[in-house]
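All residue numbers for the sequence shown refer to my numbering, where the first residue is 1 and numbers rise by one.
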Amino acid sequence: MFLVVPDPAHGLVAAPQSSDDLTPATEQSLAAQGFAWNNEIEAYTRQADHDPAAVDGTAGLLRELGHFVFSAYRPLPRR
1 MFLVVPDPAH GLVAAPQSSD DLTPATEQSL AAQGFAWNNE IEAYTRQADH
51 DPAAVDGTAG LLRELGHFVF SAYRPLPRR
């Protein structure tokens, strides 16, 4: 299971529930999408804008790989 959410400090976050979710295909697919593992938060992160399409695209990719995914989007305040 994964949680996919935008985060102001880390960009787009794809967080696995456990290490069992980190299959080779999943790790390769996330890396191909520009994600990198962040040990500090134990999740994949990618600097990105925080639009719904980025969240939905990542959630869709993970679902295609057979994962259950929770995703959320909350607009950031405009500056």
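We treat Cβ as the ideally placed atom computed from N, Cα and C, and that holds for glycine. Note that the structure is a prediction, hence the values are computed from the model and not measured.
Counting C-beta atoms within 10 angstroms of its own C-beta, P52 has fewer than 16 neighbours from the protein chains shown and is therefore classed as exposed. Non-local beta-carbon contacts of Q17 in its own chain, meaning distances under 6 Å to residues more than five positions away in sequence, involve M1 in chain order.
For S29, the closest C-alpha among the options F70, A72, R74, L65 is that of L65. Taking all protein chains shown into account, P6 has 16 or more neighbouring C-beta atoms within 10 Å of its C-beta and is therefore buried. For R63, the enclosing alpha helix (DSSP H) covers residues 52-64. DSSP places S19 within a helical segment (H, G or I) once states are collapsed to three.
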